[in-house]
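Read through the structure below, which is laid out as structure tokens, and then see the notes.
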Amino acid sequence: MEGGVRVVIAGLDLGLDDRGRYRIDGESEVKFRRCRAGLSALSCPDVIEADRLSKTFVVHKKEPGLRGSLKALFRRERIEKHAVREASFRVDEGEIVGLVGANGAGKTTLVKMLAGIIHPTGGEARVLGFRPWERENRLRRQIALIMGQKAQLWWDLPAADSFLLLREIYRISDAQYRETLDYLSGILNVKEQLQIQVRRLSLGERMKMELIAALLHSPRVVYLDEPTIGLDLTAQRAIRDFLLQYRERHRPAMILTSHYMEDIERLCRRIIILREGEIVFDGSLEKVVETYADHKVVTVQLAKTAPPVGDAPELRALGEVDVCGDGVIKLRVSRGRVADVAGELLRRYPVADLAIEEADVGTIIEKILREREGPP
Amino acid sequence: MTFWQVMTIEARKRMSYRADFWLGAILGLGAQIGICIFLALAIFRESGSERIGEYTVRGMVLYYVVVQLVAKIVRSTEMEMGVSQDIYEGGLTRYLLYPTSYGLFKYAQQLGALAPSLIQVLLLGAWVPFVFAGEAEVTLASAVMCLAAIAVANVLYFLLGTVIQLVASWADNVWSLMVANRIAAALFGGFMIPLSLFPPWARAILAWTPFPYLFAFPLDALFGRLSPADWARGMGLALGWCGGVAILGKILWRRGMIQYTGVGI
Amino acid sequence: MIRYARLYLHFLRFSFSRAMEFRFDFFFRVAMDALWYAVNFGFFWLLYRHTGLFGGWNYDQVLIFMGAVFVADAIQMTVFSNNMWALPMLINKGDLDYYLVRPVSALWFVSLREFAANSFLNLLMALSVFAWMLARYPLSLGMGGVAVYVAFLGMGVFLHYCLQMLFLIPSFWMHTSHGLRDVFWSLEAVTNRPHGIFTGWVRRLLISILPFSLVVSYPTRILFEGITFPLFLHMTGVSAATFLVMLLLWRRGLRDYASASS
Numbered sequence: 001m002e003g004g005v006r007v008v009i010a011g012l013d014l015g016l017d018d019r020g021r022y023r024i025d026g027e028s029e030v031k032f033r034r035c036r037a038g039l040s041a042l043s044c045p046d047v048i049e050a051d052r053l054s055k056t057f058v059v060h061k062k063e064p065g066l067r068g069s070l071k072a073l074f075r076r077e078r079i080e081k082h083a084v085r086e087a088s089f090r091v092d093e094g095e096i097v098g099l100v101g102a103n104g105a106g107k108t109t110l111v112k113m114l115a116g117i118i119h120p121t122g123g124e125a126r127v128l129g130f131r132p133w134e135r136e137n138r139l140r141r142q143i144a145l146i147m148g149q150k151a152q153l154w155w156d157l158p159a160a161d162s163f164l165l166l167r168e169i170y171r172i173s174d175a176q177y178r179e180t181l182d183y184l185s186g187i188l189n190v191k192e193q194l195q196i197q198v199r200r201l202s203l204g205e206r207m208k209m210e211l212i213a214a215l216l217h218s219p220r221v222v223y224l225d226e227p228t229i230g231l232d233l234t235a236q237r238a239i240r241d242f243l244l245q246y247r248e249r250h251r252p253a254m255i256l257t258s259h260y261m262e263d264i265e266r267l268c269r270r271i272i273i274l275r276e277g278e279i280v281f282d283g284s285l286e287k288v289v290e291t292y293a294d295h296k297v298v299t300v301q302l303a304k305t306a307p308p309v310g311d312a313p314e315l316r317a318l319g320e321v322d323v324c325g326d327g328v329i330k331l332r333v334s335r336g337r338v339a340d341v342a343g344e345l346l347r348r349y350p351v352a353d354l355a356i357e358e359a360d361v362g363t364i365i366e367k368i369l370r371e372r373e374g375p376p
Numbered sequence: 001m002t003f004w005q006v007m008t009i010e011a012r013k014r015m016s017y018r019a020d021f022w023l024g025a026i027l028g029l030g031a032q033i034g035i036c037i038f039l040a041l042a043i044f045r046e047s048g049s050e051r052i053g054e055y056t057v058r059g060m061v062l063y064y065v066v067v068q069l070v071a072k073i074v075r076s077t078e079m080e081m082g083v084s085q086d087i088y089e090g091g092l093t094r095y096l097l098y099p100t101s102y103g104l105f106k107y108a109q110q111l112g113a114l115a116p117s118l119i120q121v122l123l124l125g126a127w128v129p130f131v132f133a134g135e136a137e138v139t140l141a142s143a144v145m146c147l148a149a150i151a152v153a154n155v156l157y158f159l160l161g162t163v164i165q166l167v168a169s170w171a172d173n174v175w176s177l178m179v180a181n182r183i184a185a186a187l188f189g190g191f192m193i194p195l196s197l198f199p200p201w202a203r204a205i206l207a208w209t210p211f212p213y214l215f216a217f218p219l220d221a222l223f224g225r226l227s228p229a230d231w232a233r234g235m236g237l238a239l240g241w242c243g244g245v246a247i248l249g250k251i252l253w254r255r256g257m258i259q260y261t262g263v264g265i
Numbered sequence: 001m002i003r004y005a006r007l008y009l010h011f012l013r014f015s016f017s018r019a020m021e022f023r024f025d026f027f028f029r030v031a032m033d034a035l036w037y038a039v040n041f042g043f044f045w046l047l048y049r050h051t052g053l054f055g056g057w058n059y060d061q062v063l064i065f066m067g068a069v070f071v072a073d074a075i076q077m078t079v080f081s082n083n084m085w086a087l088p089m090l091i092n093k094g095d096l097d098y099y100l101v102r103p104v105s106a107l108w109f110v111s112l113r114e115f116a117a118n119s120f121l122n123l124l125m126a127l128s129v130f131a132w133m134l135a136r137y138p139l140s141l142g143m144g145g146v147a148v149y150v151a152f153l154g155m156g157v158f159l160h161y162c163l164q165m166l167f168l169i170p171s172f173w174m175h176t177s178h179g180l181r182d183v184f185w186s187l188e189a190v191t192n193r194p195h196g197i198f199t200g201w202v203r204r205l206l207i208s209i210l211p212f213s214l215v216v217s218y219p220t221r222i223l224f225e226g227i228t229f230p231l232f233l234h235m236t237g238v239s240a241a242t243f244l245v246m247l248l249l250w251r252r253g254l255r256d257y258a259s260a261s262s
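Chains as they are written, first to last, in the numbering used here: chain A, 1 to 376; chain B, 1 to 265; chain C, 1 to 262.
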């Protein structure tokens, strides 16, 4: 096979293709990671590694008014803006990591450093063993960037024309190109739109074409910067489902930034929270809730025959009352007391239905971002 | 008040980029003036004449230096295509919602955009009276006449550019038309070569166009070549051209707004 | 090289497809250039009413020079100008991002991405005018001489591109390009004038550090005076040096690229 390597393990003769996969008797498939450092499958470095990565921008301050403008012609005050401060983390193959933070927290700056678009002012990073900002073609052939707010396709031409150019840029063989395009346009349900000018497509269709453009060359690393921004609910769902399917089949390392919690909750098992350029949390979504959510939400649906329940002191003694009326009681209860409170509610009121839910992840993250002190 | 506000906001915007200001002043305008000086000197050097038309070598150099300074003010932001961009990109919509005239708004922006140019002209033009003292008969009266002529020329140039850009309501790209206007104004307005060096038949034809009032007329006023009566007549014609072009602009505006969809082309 | 040639064919195809949608623009551009040619010929006609020589050249020689100026301008307008116009905006708006993640030279991509197909007719027109000026010249120029001239004009066009880039690349640091663009267009006027009108240190400056006179004037001088080794060395040396400086500055610019937030 082209670009592959023969590996002999305990008398078994195996062949590795260029992506590090092999077959035994055509039946099963086991993946070895082909690393830049050599064939050391079990000790392969992570796909993305960042070590104290930092970026500082210099901006100028100007006084308001015409006088300020004239003054600025001769002298201006410089201010340093620390967009990213000593960010360290790793991302493995097949992971989708969510980057979460307020506007200006440094998410996009971090992604752009890892994509090699901007140079860091400090620290180190490796993507597939390469320093991204050195922009080697061997790396660029394996990464993809999708920005929800910036288009990469030629506006006045059908998407199919842009894909042909990308095929040339990434040196995709005809067969591979046709297969991949067929697969991607099929899953995203845009086969009929391939020959229509991009500017005439809806926002959702345009975003799907952007995804196809980014994934045509089957990248091993994918950066998604707000891919569902501005899309309707149906389109958002379609894109999320597609990304999950794609991840299952191709196992790229993915970093996703989004302000939509549905994107994060649906796609990411692990999130990194940035606050003012610093990583304040790196872990699973469950851990965010366990670590920061000190309460759960208990919702009780009263039976139709139940008398009306007011916001009585005995109810407030059980927990913080969110909703009380129209036959529904919703309480925020501290974790340790959930079982007791649930039992008490069942005892006191004629309950038709009872639900116990974790606190909303978005609310928890918002709380973390607002806090001045670090995490416990 | 709105006019003044719009003007000052635009002036502040232009001066917020100080690199642009200094580069435009020292290198840009300076380079243009320098090239013209060499052109004038070369004409006299290689012709061997002491006088070409009514100009001595110093007189011609003075002409080219001053015409560059005057053009900087008269042309202002002409190639920025603000009006046609508003039409193409749908940015005109917000102006249509404002309780104010779009034309006046745009002219206020143009005047505001002049702020850095005025400072540059003052900085680079301050040495001219000293270097060329005695070369031309500049008096207070001629200076005032020149300033008034420049003001009208600025309005005329703005109107010509705006009328061309209003064609954007029908044509897919008007940039070429703007360049054509600039080229024609440069030759027929006296920017590339003094109009007095044109043959008499050409000058007679040009007198029926608006171009001589853009650059040549203000310079003639400054150098004392116009009597008050000539000046008044010229100003009348220039203002007449302003009126005529403005009426044409109004007609194009009304027809164009019928086509306007608000979402850009 | 072949790959880049194939990519460029894609660019050409895209550009022609797009340009066909803008019919008026084709005709307006032809009219604009026709007027520009007429005004320049008119300018020199007026000039030569008062002098026999200008920049050391007679009227027929200056007409060839102007024909070459039109061709150089038409090539620049067709191949480079749309890309040069867009570059500062790509830098300032952060739209350079997608060019930087592709496995092709970003410099090549941003410089040649758009071919102004709507100026293609102008290029044909300029070539016709140039050929006409060469044909009507009263003295024999020789096929060899003309071939050398055309080759050096090609080098001049490339030099013009490098010079323009040198004035646009500072957008990486200045976040605005108006001032430098104004300076460039002011200096660029030098290319439309015979080099012989400049004297002293300005003349030396325009053939070395700011080699605008090498774009059309020097090749035209080579046509009339013949090629000498020092002239050849001068032109190729300065062109190569300008290109290298531009390349270094571009790489430095990419290093400092801030990429506006999305």
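Backbone N, C-alpha and C fix where the C-beta goes; we use that ideal spot for every residue, glycine too. As the structure is a computational prediction, the values presented were derived from the model and not from experiment.
Proximal residues of chain A, C-beta to C-beta of residue i below 9 Å
{"i": "leucine 7 of chain C", "result": "Leu165, Glu168, Ile169"}
{"i": "valine 183 of chain C", "result": "Going along chain A, no residue has its Cβ under 9 Å from valine 183 of chain C, so there is no contact; the nearest lies around 17 Å."}
Under 9 Å by beta carbon: chain C residues contacting residue i
{"i": "serine 47 of chain B", "result": "His50, Thr51, Gly52, Leu53, Phe54"}
{"i": "alanine 50 of chain A", "result": "Within 9 Å Cβ-Cβ: nothing; alanine 50 of chain A doesn't reach chain C, min ~17 Å."}
Helix, strand or coil at residue i [DSSP, three-state]
{"i": "aspartate 51 of chain A", "result": "strand"}
{"i": "glycine 20 of chain A", "result": "Here glycine 20 of chain A scores only 43 on pLDDT, less than 50, and its place in the model should not be relied on; the value that follows carries that caveat. Correct three-state label for glycine 20 of chain A: coil."}
{"i": "glutamine 301 of chain A", "result": "strand"}
{"i": "proline 218 of chain B", "result": "helix"}
{"i": "phenylalanine 120 of chain C", "result": "helix"}
{"i": "histidine 82 of chain A", "result": "strand"}
{"i": "tyrosine 223 of chain A", "result": "strand"}
{"i": "glycine 106 of chain A", "result": "coil"}
{"i": "glutamine 149 of chain A", "result": "coil"}
{"i": "histidine 250 of chain A", "result": "helix"}
Neighbouring residues, chain C, relative to residue i (Cβ below 8 Å)
{"i": "glutamine 236 of chain A", "result": "Near glutamine 236 of chain A there are no residues of chain C at all, since even the closest Cβ is about 18 Å away, more than 8 Å."}
{"i": "phenylalanine 198 of chain B", "result": "Leu46"}
{"i": "glutamine 193 of chain A", "result": "Neighbours of glutamine 193 of chain A on chain C: none; closest Cβ ~18 Å, over 8 Å."}
Cut-off 7 Å between Cβ atoms - residues of its own chain near residue i, not counting five sequence neighbours on either side
{"i": "asparagine 83 of chain C", "result": "Val110, Ser111, Leu112, Arg113, Glu114"}
Straight-line Cα distance separating residue j from residue i
{"i": "glutamate 10 of chain B", "j": "leucine 166 of chain C", "result": "29 Å"}
{"i": "leucine 118 of chain B", "j": "isoleucine 164 of chain B", "result": "26 Å"}
{"i": "alanine 202 of chain B", "j": "tryptophan 155 of chain A", "result": "48 Å"}
{"i": "valine 39 of chain C", "j": "glutamate 54 of chain B", "result": "23 Å"}
{"i": "arginine 379 of chain A", "j": "alanine 115 of chain B", "result": "No information on residue 379 of chain A is available, as it lies outside the stretch 1 to 376 that chain A covers here."}
{"i": "phenylalanine 182 of chain C", "j": "serine 213 of chain C", "result": "Reading the sequence as shown, one finds aspartate at residue 182 of chain C and not phenylalanine. For aspartate 182 of chain C and serine 213 of chain C, the distance between alpha carbons rounds to 18 Å."}
{"i": "leucine 110 of chain A", "j": "tyrosine 98 of chain C", "result": "16 Å"}
{"i": "arginine 21 of chain A", "j": "tyrosine 246 of chain A", "result": "Residue placement at arginine 21 of chain A cannot be trusted, given a pLDDT of 42 that sits under 50; the coordinates are not used to answer."}
{"i": "leucine 267 of chain B", "j": "phenylalanine 243 of chain C", "result": "With chain B represented from 1 up to 265, any question about residue 267 of chain B goes unanswered, as that position is not in the structure."}
{"i": "histidine 178 of chain C", "j": "leucine 244 of chain A", "result": "46 Å"}
{"i": "valine 104 of chain C", "j": "proline 170 of chain C", "result": "22 Å"}
{"i": "threonine 288 of chain C", "j": "threonine 220 of chain C", "result": "Only positions 1 to 262 of chain C appear in the structure, and residue 288 of chain C is not among them; the question remains open."}
9 Å Cβ cut-off: residues of chain B touching residue i
{"i": "aspartate 256 of chain C", "result": "Those within 9 Å of aspartate 256 of chain C in chain B number zero; the least Cβ separation is about 15 Å."}
{"i": "tryptophan 36 of chain C", "result": "Val179, Ala180, Ile183"}
Neighbour list for residue i in chain A, Cβ cutoff strictly below 8 Å
{"i": "histidine 178 of chain C", "result": "Per Cβ cutoff of 8 Å: no residues; histidine 178 of chain C is ~15 Å from chain A at best."}
Identified DSSP bridge partners for residue i
{"i": "cysteine 242 of chain B", "result": "In DSSP, cysteine 242 of chain B forms no bridge with anything."}
{"i": "tyrosine 55 of chain B", "result": "B/Ile52"}
{"i": "isoleucine 164 of chain B", "result": "Isoleucine 164 of chain B is not bridged to any residue."}
{"i": "glycine 101 of chain A", "result": "A/Leu274"}
{"i": "proline 158 of chain A", "result": "A/Gln197"}
Partner residues on chain A for residue i, Cβ-Cβ distance less than 7 Å
{"i": "serine 213 of chain C", "result": "Within 7 Å Cβ-Cβ: nothing; serine 213 of chain C doesn't reach chain A, min ~33 Å."}
Cβ-based neighbour list, residue i, same chain, cut-off 8 Å, excluding 5 preceding and 5 following
{"i": "aspartate 294 of chain A", "result": "Ser334, Arg335"}
Cβ neighbours of residue i in the same chain (closer than 6 Å, five flanking residues each side left out)
{"i": "glutamate 93 of chain A", "result": "Val47, Arg251, Ala253"}
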